[in-house]
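Structure first, commentary second.
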Amino acid sequence: MTRPRWANSEVDWVQSAALALLLVFALAAGLGLGNDWLWGHNGYNGAAFSQAARNTLRFAEIGQAQYWTAPTPPPSEIIYAHHPLLLHLHVAVMFVLFGEHEWAARLVPAIYSVLSAAMLYFLVRRLWGSRVAVVSLFVFVCLPIDLIYANMVDHEQGSIFWSLVMLHHYLRLRETGARRNLWGLLAATFMACQFDWPPYYIAFFLFLHALVGGLRRHPVKLRQTAEFSFLVVFGAFVLVNFFGYFLWIFLKMGSLRNMVDSFVSRSASPDDIWSQTLTRLPDMFPALVLSLAAFWLISFLVRLGRGQSQMRDLLPLSYFLAQTVHQAVFKEAGYLHVYWFYHAAPFVSVASGIALVASARFVTNFRAFDDSASPSGVRRLLVAAALGAILLSLFVAGVRGMAWARPLEGSPYAHKGQQNQDLVYVARWLGEHTARDQAILFHESLPVRIEVVWYFDRVHALVPDLDLDELPAVIGPCEPAYYVLDIAEAPPEAYQGFLREGRPATLMNGHILAINLSTLSDTQALNESLELVQEEPTLWSTYWKSPWGARAHWVSEPTGIDVLARLRTIDSSPTGPSP
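Position in the sequence shown (from 1) plus 979 gives the number in this note's numbering.
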């Protein structure tokens, strides 16, 4: 009897498992795609890069003007230049295609996260086989760092994908010498290096690898070989990319002072940086996979000492070295951003995948078991059960990590309670009730961050108190439209005079007060009160906005209220009214 096709090959079940893993990871990457910019790494980065893309479309400014909200083109000195431009341009293209939405910006990292997982599987399968590939993919999609930041708008996701493509073409070029792989390598190097800095480290390692290999094979006549031509072309190409970006910055800003200051700041060394790194690393990478990756690294060093290293070792090794350099050079940045570990994900996934499969094979085939009472089939079953238990524990760790950090917008160590939810809705209201040439003034009682600024998109200033005769210079010729404060935090004298003048005011959610500065109303004018009302979540809204994001809308009282009456405790309370 002919055996069915599925029984003749393990490729079918491996490919099915890989596809299932990619689909599950895609669902995880899409979770909360349409959520508001609230705070934390997710909200801050998303709002900043979205504002930069908005300004690129508005003013045809290719540079990243992340915090510019004026109706005039941004000056060169405010351009963000600390990272290359490709993430920024991706978000701008998404805005052209789909409009200025949070989900359009988050699509960029979400797509690249899934592509990185697929490319990792493809590359590992070609180099180590299908079993190592599917285990490495499982580890990758279960790493807390990948699940937490899968759709955070930042450079790492695109950088990892294109550097994987870069490594693929380099290895194929060394194997075949095909010119198409050279062109593929150059194209992938360009894309990777225009996303982030770690691909430059990887390119340097590949250059050294090719140089050392060439010197070993041609110690005397290296210059006369095709390998030397490759070194010249590849090295020059990487240098042109690197210095080309700095040249653009110099021509744009007139100096490199901004870059130098940023480097000095981000490379500073906080006192407890290494203790903090060792404490937080297991939160992003479970201790088990770190141990397995360390085991692979030790075995690699042993093989290297014996002259038994292989070309394919470059895949995990490149990311280990790149992450080590990145962490060592930009110490302050790594201290502030837990996702700075991101480029270690391919190393940990591949190295632990290799170690897991190798360990399973070793135990299954260990000769000491040959004379034991347990048949080989039972041993295989036990090994499979142990491997399944390990993978299940990694899955649980990944889900727990995502459930821990996603509600805190990717900043689990800096959680301060309030997530700017009220301010986001207030900012939307301000954007709807003001014009582009108007300004909004905020009392210092309100923490106005870029996540909030994105929603009203107007010139604004933060003031300790407001004197209409001495307006902040930052608003320039813009007419002041609203003065906004938190009555639970601001002293009564910060706003009671404006209310007694009869200026219209809107009280939002019981504590945020927006006083209209653009016109003086008569004392009979009704003021408005708005309350946030939670919407009934649906299955789709829970997924789209994430299970942890609040969904609400404003409800206005039908006849309005007199804000002075609502705040009747102004004169009697020494600290101001309670919301």
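Ideal placement from N, C-alpha and C gives every residue a C-beta, glycine not left out. In this text the structure is predicted, and so the values were computed from the model without any measurement.
Going by beta carbon distance, what residues of the same chain come within less than 8 angstroms of LEU1012, once the five residues before and after it are set aside? Walking along the sequence shown from the start, residue 1012 turns up at place 33. Cβ neighbours of LEU1012 beyond the five flanking positions: GLU1081, TRP1082, ARG1085, LEU1086, ALA1089, ASN1130 and TRP1523.
Going by other Cβ atoms of all chains shown within 10 Å of its Cβ, with 16 needed for buried, is GLN1513 buried or exposed? Against the sequence shown, residue 1513 aligns to sequence position 534. Result: exposed.
Since VAL1118 and GLY1332 should fall inside the 8 angstroms C-beta cutoff, what is the C-beta to C-beta distance between them, to a whole number of angstroms? In the sequence shown, residue 1118 corresponds to position 139, counting from 1. In the sequence shown, residue 1332 corresponds to position 353, counting from 1. Rounded, the Cβ-Cβ distance is 6 angstroms, consistent with contact.
Taking the continuous alpha helix (DSSP H) assigned at ASP1465, which residues delimit it? For the purposes of this step, residue 1465 is identified with residue 486 of the sequence shown, where counting begins at 1. In the DSSP annotation of this structure, ASP1465 is not part of any alpha helix (DSSP H); the continuous beta strand (DSSP E) holding it starts and ends at 1458–1465.
DSSP beta-bridge partners for VAL958? There is no way to answer for residue 958, as the model of the chain reaches only from 980 to 1558.
Jot down the residue ranges of each uninterrupted alpha helix (DSSP H) in the region 1259–1344, minimum 4 residues, whole runs only, in chain order. Counting only runs of 4+ residues, the alpha helix (DSSP H) found wholly inside the region 1259–1344 occupies 1266–1284, 1293–1308, 1310–1315 and 1324–1344, in chain order.
Touching by the beta-carbon criterion (3+ pairs, under 8 angstroms), the region 1173–1186 and the region 1295–1307: Taking 8 angstroms as the limit for Cβ pairs, the verdict is that the region 1295–1307 does touch the region 1173–1186.
Can the beta-carbon of HIS1148 be found closer than 7 angstroms to that of ALA1167? For the purposes of this step, residue 1148 is taken as the residue at position 169 of the sequence shown. For the purposes of this step, residue 1167 is taken as the residue at position 188 of the sequence shown. Yes, they are a contact pair.
Below 8 angstroms on the Cβ atoms is my guess for MET1232 versus ALA1060; work out the distance and round it to an integer in Å. Position 253 of the sequence shown, counting from 1, holds the residue named residue 1232. Position 81 of the sequence shown, counting from 1, holds the residue named residue 1060. Indeed they touch by this definition, with Cβ atoms about 7 angstroms apart.
Unbroken beta strand (DSSP E) runs of length 3 or more, entirely within the region 1044–1128: which are they? DSSP runs (the beta strand (DSSP E)) wholly in the region 1044–1128: none.
Sorted by chain position, which residues of the same chain lie with C-beta nearer than 6 angstroms to ALA1032's C-beta, five sequence neighbours on each side aside? Locating residue 1032 in the sequence shown gives position 53, counting from the first residue. The beta carbon of ALA1032 sits closer than 6 angstroms to those of VAL1070, ALA1071 and PHE1074, all from its chain and outside the five residues before and after it, given in chain order.
Through-space distance from LYS1310 to PRO1249, alpha-carbon basis: Position 270 of the sequence shown, counted from the first residue, corresponds to residue 1249. Position 331 of the sequence shown, counted from the first residue, corresponds to residue 1310. Taking the straight line from one Cα to the other gives about 8 angstroms.
When the Cβ atoms of the region 1016–1033 are set against those of the region 1184–1199, are three or more pairs found closer than 8 angstroms? The region 1016–1033 makes no contact with the region 1184–1199; the number of CB pairs closer than 8 angstroms stays below 3.
Kindly list the residues whose CB is nearer than 6 angstroms to the CB of VAL1327, restricted to its own chain and excluding five residues on each side of it in sequence; keep chain order. For the purposes of this step, residue 1327 is identified with residue 348 of the sequence shown, where counting begins at 1. Hits under 6 angstroms: PHE1264, VAL1268 and ALA1272.
Buried or exposed: which applies to PHE1341, given that a residue is buried once 16 or more other Cβ atoms fall within 10 Å of its Cβ? Walking along the sequence shown from the start, residue 1341 turns up at place 362. Residue burial is scored here from C-beta neighbours: PHE1341 has fewer than 16 other C-beta atoms within 10 angstroms and is therefore classed as exposed.
Considering only their Cβ atoms, is the gap separating PHE1077 from GLY1137 smaller than 7 angstroms? Working through the sequence shown from its first residue, we reach residue 1137 at position 158. Working through the sequence shown from its first residue, we reach residue 1077 at position 98. It is not a contact, given that the beta carbons lie outside the stated cut-off.
Thinking C-alpha only, which one of GLY1214, ALA999 and GLN1255 is nearest LEU1315? Residue mapping note: residue 1315 aligns to position 336 of the sequence shown, counting from 1. Across the set GLY1214, ALA999 and GLN1255, the C-alpha of GLN1255 shows the shortest separation from the C-alpha of LEU1315.
Can you name the start and end residues of the alpha helix (DSSP H) that ASN1188 belongs to? Indexing the sequence shown from 1 puts residue 1188 at position 209. The displayed chain sequence assigns His, not Asn, to residue 1188. Where HIS1188 is concerned, the enclosing alpha helix (DSSP H) starts and stops at 1177–1196.
Within the chosen definition, does the region 1402–1412 reach the region 1484–1500 through at least 3 CB pairs nearer than 8 angstroms? Because the criterion of three Cβ pairs below 8 angstroms is met, the region 1402–1412 and the region 1484–1500 touch.
Between which two residues does the alpha helix (DSSP H) holding VAL1512 run? Residue mapping note: residue 1512 aligns to position 533 of the sequence shown, counting from 1. Looking at the DSSP string, VAL1512 is not in any alpha helix (DSSP H); the run it does join, the beta strand (DSSP E), is 1507–1513.
Rounded C-beta distance between PRO1052 and GLU1040? I'm assuming under 8 angstroms. In the sequence shown, residue 1052 corresponds to position 73, counting from 1. In the sequence shown, residue 1040 corresponds to position 61, counting from 1. Taking the Cβ atoms as the reference, PRO1052 lies roughly 6 angstroms from GLU1040, within the contact range of under 8 angstroms.
Would LEU1447 and VAL1542 qualify as a contact pair, given that the criterion is a beta-carbon distance under 7 angstroms? If you number the sequence shown from 1, residue 1447 lands on position 468. If you number the sequence shown from 1, residue 1542 lands on position 563. No; because the gap between Cβ atoms is not below 7 angstroms, this pair is not in contact.
Can you give me the start and stop residues for the alpha helix (DSSP H) that ASN1034 sits inside? Numbered from 1 along the sequence shown, position 55 holds the residue referred to as residue 1034. Counting along the chain, the alpha helix (DSSP H) containing ASN1034 begins and ends at 1019–1038.
What residue ranges within the region 1357–1426 form continuous beta strand (DSSP E) runs of no fewer than 3 residues, ordered along the chain? 1417–1422, all fully within the region 1357–1426.
What would DSSP say about SER1234, mapped onto helix, strand or coil? Within the sequence shown, residue 1234 is the residue found at index 255, counting from 1. SER1234: coil per DSSP, three-state reduction.
Neighbourhood of LEU1450 by C-beta distance below 7 angstroms, restricted to the same chain and skipping five residues each side: Counting from 1 along the sequence shown, the entry for residue 1450 is found at position 471. Closer than 7 angstroms at Cβ, skipping near neighbours: PRO1459.
Considering only the beta carbon of each residue, do ALA1384 and ILE1127 sit closer than 7 angstroms? Numbered from 1 along the sequence shown, position 405 holds the residue referred to as residue 1384. Numbered from 1 along the sequence shown, position 148 holds the residue referred to as residue 1127. Yes. Within cutoff.
Verify whether the separation of the beta carbon atoms of LEU1116 and TYR1100 is less than 7 angstroms. Position 137 of the sequence shown holds residue 1116. Position 121 of the sequence shown holds residue 1100. Yes, they are a contact pair.
Quick one, which of HIS1532, GLU1536, SER1508 and TRP1275 has its alpha-carbon nearest PRO1516's? The residue labelled residue 1516 in the question sits at position 537 within the sequence shown. Comparing Cα positions, the closest option is HIS1532.
Which same chain residues, not among the five before or five after TRP1527, have their C-beta less than 7 angstroms away from its C-beta? Counted from its first residue, the sequence shown places residue 1527 at position 548. These residues qualify, in order along the chain: ARG1385 and PRO1386.
Paired residues, beta bridge with SER1535 - DSSP: Counted from its first residue, the sequence shown places residue 1535 at position 556. SER1535 is bridged by DSSP to LEU1509.
Under 7 angstroms between C-beta atoms of ILE1454 and ALA1469: Your numbering for residue 1454 matches position 475 in the sequence shown. Your numbering for residue 1469 matches position 490 in the sequence shown. No.
Near PHE1348, what residues of its chain come up, given a Cβ to Cβ distance below 7 angstroms and the 5 sequence neighbours on each side ignored? Here residue 1348 refers to the residue found at position 369 of the sequence shown. Its pLDDT being 47, under 50, PHE1348 is placed unreliably by the model, and nothing is read from it.
Flag this pair as yes or no: are the beta carbons of GLY1022 and GLU1388 separated by less than 7 angstroms? Indexing the sequence shown from 1 puts residue 1022 at position 43. Indexing the sequence shown from 1 puts residue 1388 at position 409. Yes, the Cβ-Cβ distance between GLY1022 and GLU1388 is below 7 angstroms.
Residue(s) in a DSSP beta bridge with LEU1486: One-based indexing of the sequence shown puts residue 1486 at position 507. Beta-bridge partners assigned by DSSP to LEU1486: LEU1492 and SER1508.
What is the DSSP secondary structure of ALA1139, reduced to helix, strand or coil? For this step, residue 1139 is matched to residue 160 along the sequence shown. Residue identity differs from the one stated: residue 1139 is Ile in this sequence, not Ala. When secondary structure is reduced to three states using DSSP, ILE1139 falls in the helix class.
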